[in-house]
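**Q** Going by this note's numbering, the first residue of the sequence shown is number 2, and it counts up by one from there. Note that beta-carbon positions come from the ideal geometry of N, C-alpha and C, so glycine has one too. Here it is, the structure in full.
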Amino acid sequence: MKKPPADPKTLAKFPGLLVLLGAGKMGQAMLDGWLARGLGPGKIVVLEPQPSKTIKALARRGLKLNPDKPAHAAAIVIAVKPQIAPAALPALRGYTGKTTLALSIMAGRTLRFLQDALPPGTAIVRAMPNTPAAIGRGITVATGNAPVSARQRKQASALLAAIGSVEWVRDETLMDAVTAVSGSGPAYVFLLAEAMAQAGIAAGLPSELAARLARETVAGSGELLHRSNLDAATLRQNVTSPGGTTAAALAVLMGPGGFDALLTRAVAAATRRSRELAG
Ligand SMILES: NC(=O)c1ccc[n+]([C@@H]2O[C@H](COP(=O)([O-])OP(=O)(O)OC[C@H]3O[C@@H](n4cnc5c(N)ncnc54)[C@H](OP(=O)(O)O)[C@@H]3O)[C@@H](O)[C@H]2O)c1
């Protein structure tokens, strides 16, 4: 079994100022991760119209909250809602320079959009996280434009690692499928817990017990998958004896029109929608 890793202090020597545009759910989760990885509050600027109590408290420890004057930033992280972007991005003027890395986690906002909105030649990374980021257990997929240097790519990885694992793709068009699998994916897993609870009720369990069994089974299995060195198929086979109860259920789930086929259709629908939204 893999041990849960301790937070490495990878950001203790971050080379300059880090600007966070938008400190909502995702922005706050990233900020928490950065601080846990040794980034000093004095190196952080937060641009946010409605800062949380935590951010106001950090401002008393040196974090710069909505400062009057911008200063050159080593990196800016864009975590506002995609629809806010055209109105919010001009606030970054004065923070960006030739060596600034812009890292966007906005869903559906392409590198092309960001290049048009930021000064020409800006190194830009577009990333797609997911909601387990809130507990540091997300997975983010990132892609960058040509000006992103190897050092900036490492920097982006270190910033994103604060909310979980990081993968890179070269081909930006893959971000639609990424959005459909890992971005939207947590909703599929929560739906599984809901459906298992409903199925338990249909099989005669009291509703509270059914909900608890479903919740703990999904959470515990996820944790087992996370900590185990075995892949999902092997873990599944390990609970399936030939001719047993699990095999009876899997014959339905893995049969024609079953789970695999349904999920393939669902992911294809989400991929199409992501493409439509990106325009
Ligand atoms: N949540 C997810 O599952 C998920 C997954 C992948 C990617 N993302 C992306 O992550 C980004 C953030 O999502 P979220 O869930 O964290 O949204 P959120 O909680 O709404 O956070 C956005 C924050 O930006 C603030 N804001 C609004 N206008 C601003 C401005 N002009 N300047 C600076 N800050 C401004 C908002 O303040 P107010 O509340 O006052 O408006 C809010 O605190 C989105 O682009 C989303 O696409 C989210």
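Is E168 near ligand 1, going by C-beta to nearest heavy atom under 6 Å?
**A** no
**Q** In angstroms with no decimal places, state the Cα-to-Cα distance between G39 and P120.
**A** So the alpha carbons of these two residues sit roughly 30 Å apart.
**Q** Sorry if obvious, but does the Cβ on G137 come closer than 6 Å to a heavy atom of ligand 1?
**A** no
**Q** Here's a check: name, in chain order, each residue in its chain whose Cβ is nearer than 8 Å to the Cβ of A72, leaving out the five neighbours to either side.
**A** L18, V46, G95, Y96
**Q** Is it buried or exposed for P68, if we count other Cβ within 10 angstroms and need 16 for buried?
**A** exposed
**Q** Starting from L59 and walking both ways along the alpha helix (DSSP H), at which residues does that stretch end?
**A** 54 to 60
**Q** Since I164 and A30 are thought to touch, with beta carbons under 8 Å apart, how far apart are those beta carbons, to the nearest angstrom?
**A** For I164 against A30, the beta-carbon gap comes to about 5 Å, under 8 Å, which counts as contact.
**Q** Which residue comes first and which comes last in the alpha helix (DSSP H) that contains T111?
**A** Counting along the chain, T111 falls outside any alpha helix (DSSP H), and DSSP gives it neither H nor E.
**Q** If you draw a straight line from the C-alpha of T100 to the C-alpha of T247, how long is it?
**A** 56 Å
**Q** So within the segment 125 to 170, which uninterrupted alpha helix (DSSP H) runs reach at least 4 residues, ignoring any that extend past its ends?
**A** Runs of alpha helix (DSSP H) with 4 or more residues, each lying fully within the segment 125 to 170, are found at 151 to 162, listed in chain order.
**Q** Which of helix, strand or coil does DSSP assign to S183?
**A** helix
**Q** Alpha carbon to alpha carbon, what distance is there between L225 and L66?
**A** 40 Å
**Q** Should P243 be flagged as near chain C, meaning a C-beta pair shorter than 7 Å?
**A** Absence of chain C from the displayed structure is noted, only one protein chain being present.
**Q** Is V81 close to ligand 1? I mean its beta-carbon at under 6 Å from any heavy atom of the ligand.
**A** yes
**Q** Assess, as a yes-or-no matter, whether the segment 136 to 143 is touched by the segment 165 to 172 under the definition of 3 or more beta carbon pairs within less than 8 Å.
**A** Yes: at least three Cβ pairs fall under 8 Å.
**Q** Output the boundary residues of the beta strand (DSSP E) element that contains S105.
**A** Annotation for S105: the continuous beta strand (DSSP E) segment containing it runs 102 to 105.
**Q** My understanding is that L102 touches A124, with C-beta atoms under 8 Å, so please give their C-beta distance in whole angstroms.
**A** 5 Å
**Q** List the endpoints of the continuous beta strand (DSSP E) containing V268.
**A** For V268, there is no enclosing beta strand (DSSP E); the residue is found in the alpha helix (DSSP H) stretching over 260 to 279.
**Q** Any heavy atom of ligand 1 closer than 6 Å to the Cβ of Q51?
**A** yes
**Q** Count the other C-beta atoms from every protein chain shown that fall within 10 angstroms of the C-beta of E209, then say buried if there are 16 or more, exposed otherwise.
**A** exposed
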